[in-house]
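full-length UniProt numbering numbers the first residue of the sequence shown as 1 and each following residue consecutively.
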Amino acid sequence: MTDITRDVVIVGAGASGLTAANDLVKAGKTVAVLEARDRVGGRLWTREIDGAMLEIGGQWVSPDQDALIGTLEELGLETYSRYREGDSVYVDAAGALTTFTGEIFPVSAETQREMERLIGVLDELVAEIGIAAPWEHPRAKELDTVSWKAWLEAQTEDQEARDNIGLFIAEAMLTKPSHAISALQAVQMAASAGSFSNLVDSDFILDKRVIGGLQSVPVALAEKLGDDVFLNQPVRRIEHDDDSVTVVADGMTVSAKRVIVAVPPNLYSRIDFQPALPRRQHQMHQHLSLGLVIKVHAVYDRPFWREAGLSGTAFSPYETVHEAYDNTNHADPKGTLVGFVSDETADGLFALSDEERKQRVLTSLSHYYGEQALTPEVYYESDWGTEEWTRGAYAASFDLGGLSRYGADLRTPVGVIHWSCSDLAAEGFQHVDGAIRVGRETAAAIVSDLNA
Ligand code: FDA
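As structure tokens, then:
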């Protein structure tokens with residue numbers, strides 16, 4: 001067992017923890033980052049699978065993500081645009097395929113009007129409620145105690161409009177069924193991206209990727225910290241008093257003045273806090289859970305869909321794969337498609353054998369891109385639900401009523417214990433941008449506290 005002493009100990013070497021650690025070092029503080037896995041990056045992970053470079057976790061960067069873009073510039077990392085030339089495809093409830101351009105799916109004129117009206121209503125709500133403190137809005141409780149599904153049902157009788165608008169938040173973002181999330185949580189998700197219109201615009205929200213993969217961010221941040229990042233060190237216990245903390249991992253103990261717990265909130269209860277956390281935190285943390293999504297990668301000898309004039313962008317609330325994109329790597333002659341299977345549909349697929357699940361996914365892709373989609377050279381499913389140190393994807397959200405009840409306390413430190421991760425962010429909520437923002441804010445709060 002190694003014993004070391006630092007000003008601040010950080011639990012978790014994801015984007016958030018590593019950003020905080022770097023900012024603390026810039027401010028003259030000493031740090032140790034303890035990471036449970038044998039790698040840094042957490043939900044960012046670039047792997048080579050059967051010769052193909054795949055981004056297993058987060059990958060896209062949108063133009064409003066100033067904090068992430070600033071970090072990319074600081075680290076000298078280059079980006080490239082997602083391929084988006086040509087037509088997108090949509091499959092309706094009857095299984096009919098239509099091509100389209102722009103954001104609004106090719107539905108009947110009436111459904112299109114309803115979708116546009118709903119987007120307008122949601123844009124107004126987002127502007128009114130904002131992202132800083134949605135729980136403070138006079139309508140917070142009203143919107144937080146009605147499910148996203150029920151809220152949509154109250155807005156329109158048009159089922160297809162509801163299915164499509166619901167998809168953008170439920171399956172595509174929070175990766176939970178629309179009955180399991182509140183309308184306020186939906187508004188918060190949209191507000192974190194600036195507006196609901198931004199969320200439905202895949203050219204905005206899925207704009208760029210990083211050459212070499214987005215995990216290059218935590219890898220470069222960890223390199224700057226050198227020997228102060230300790231891998232294979234799952235933190236088991238945090239002993240704390242008014243002005244000091246002792247963090248016990250499998251192979252080492254760190255004594256420090258402050259600790260930043262930079263892990264997703266569903267994992268807090270895996271750590272033995274001594275003394276135990278206050279009642280409010282015990283309760284609040286039980287109302288936060290991760291969603292579930294399978295990110296599917298299919299690599300072909302070439303991006304064959306482009307030859308048919310397709311961009312690769314595909315949507316259907318009625319398909320196993322509810323959305324898919326051209327995910328071809330920078331300067332790669334091979335063509336890669338990425339698709340997503342969410343929440344209860346993912347549960348259903350995991351009940352199948354590996355081969356049956358693969359066939360179900362590829363068949364769904366073939367509904368969008370034709371028979372060639374059935375025979376990729378490389379096929380891989382990112383399954384974050386089985387990752388011990390994550391347990392779901394993409395991130396955590398509250399159950400019904402949780403955001404208005406607990407939102408204000410989400411990031412409140414408990415004495416010397418601070419919390420940092422994308423799941424607690426305002427702008428950039430559930431995204432790497434949010435992880436970086438919260439990491440910076442947490443480091444700044446600690447520096448000002450320690451220097452006081
Ligand atoms: P993160 O979970 O990354 O880091 C926490 C770290 O703590 C992990 O390294 C973990 O191992 C470690 N840890 C946990 N418990 C520990 C313990 N007891 N002791 C020590 N260490 C411990 N975002 C985006 O911006 N664009 C995108 O395209 C996507 N897409 C996407 C796809 C998929 C499949 C996923 C899973 C996620 C995304 N995201 C995304 C979300 C994005 O990846 C995520 O929000 C951030 O990477 C989270 O960074 P954090 O540092 O907050 O947590």
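Quick reminder that beta carbons are idealized off the backbone N, C-alpha and C, glycines included.
Sequence-distant residues of the same chain with beta carbon closer than 7 Å to residue i, five excluded per side
| i | result |
| --- | --- |
| L184 | P134, A140, L143, D144, L403, S404 |
| L365 | A298, V321, A324, L337, G339, A373 |
| V146 | S182, A183 |
| H330 | Y80, I211 |
| D343 | E171, T175, K176, P177, G291, L292 |
| A63 | Correcting the residue type first, residue 63 is Pro in the shown sequence and not Ala. Only F204, D207 meet the Cβ criterion. |
| A426 | I131, A132, S192 |
The ligand FDA heavy atom lying under 7 Å from the CB of residue i
| i | result |
| --- | --- |
| Y394 | yes |
| V338 | no |
| W389 | yes |
| residue 455 | Outside the modelled stretch of the chain, which goes from 1 to 452, sits residue 455, for which no answer is possible. |
| S16 | yes |
| L34 | yes |
| I271 | yes |
| S289 | no |
| R279 | no |
| Q430 | yes |
| P264 | yes |
| L349 | no |
| S342 | no |
| A13 | yes |
| S216 | no |
| V245 | no |
| K295 | yes |
| L199 | no |
| L267 | yes |
| G401 | no |
| P234 | yes |
| W305 | no |
| W135 | no |
| Q59 | yes |
| residue 458 | Residue 458 is absent from the structure shown; the chain starts at 1 and stops at 452. |
| S81 | no |
| S397 | no |
| R37 | yes |
Proximal residues to residue i (C-beta, below 6 Å), its chain only, five neighbours per side dropped
| i | result |
| --- | --- |
| A27 | V447 |
| S178 | W148, K149, G166, A170 |
| residue 474 | A question about residue 474 goes unanswered here, because the residues of the chain that appear run from 1 up to 452. |
| L424 | L410, R411, V438 |
| A93 | Y318 |
| F273 | I238 |
| G57 | R43, L44, W45 |
| T5 | S255 |
| L34 | V11, F230, Q233, V235, A249 |
| V200 | E103, F168 |
| E160 | V107, T111 |
| S382 | I56, K295 |
| L77 | V210, S216 |
| P265 | H285, L288, A396, D423 |
| T99 | D87, V89 |
| W419 | V261, R411 |
Close Cβ partners of residue i (< 8 Å) along its chain, the five nearest in sequence each way excluded
| i | result |
| --- | --- |
| L75 | S216, V217, A220, L221 |
| T79 | V61, L72, K208, R209, V210, I211 |
| D66 | D433 |
| R360 | T320, L349, L352 |
| Q283 | Y406 |
| E153 | R162 |
| K198 | Residue identity check: residue 198 is Asn in the sequence provided, not Lys. Taken in chain order, the residues that qualify are S62, D64, A190, F204, I205. |
| T156 | E114, R117, L118, R162 |
Contact belief for residue i with residue j at Cβ below 8 Å, rounded distance in angstroms
| i | j | result |
| --- | --- | --- |
| Y90 | L206 | With 8 Å as the limit, Y90 and L206 do not qualify as a contact, their Cβ atoms being about 17 Å apart. |
| residue 467 | D87 | Any answer about residue 467 is impossible in this case: the structure gives the chain only from 1 up to 452. |
| Q188 | I131 | 7 Å |
| V416 | V259 | 6 Å |
| Y394 | T175 | 6 Å |
| A127 | L290 | Contact flag wrong, Cβ pair sits at about 29 Å. |
| V11 | K29 | Between K29 and V11 the Cβ distance is about 16 Å, and since that is not below 8 Å, they are no contact. |
| F315 | F105 | 6 Å |
| L214 | Q59 | 5 Å |
| T253 | D38 | About 20 Å separates the two Cβ atoms, so there is no contact after all. |
| D123 | F196 | 5 Å |
Residue i: CB within 7 Å of a non-hydrogen atom of the ligand ADP
| i | result |
| --- | --- |
| R6 | Here the bound small molecules are the ligand FDA; the ligand ADP is not part of this structure. |
Inset, instruction - Taking 8 Å as the threshold, find out whether the stretch 218 to 238 comes into contact with the stretch 17 to 25 through three or more Cβ pairs. - result: yes
Legend entry - contact_flag[the stretch 60 to 76, the stretch 429 to 449] where n(CB pairs < 8 Å) is 3 or more: yes
Inset, instruction - Mind the definition here: the stretch 224 to 240 touches the stretch 393 to 403 only if three or more C-beta pairs lie below 8 Å; say whether that holds. - result: no
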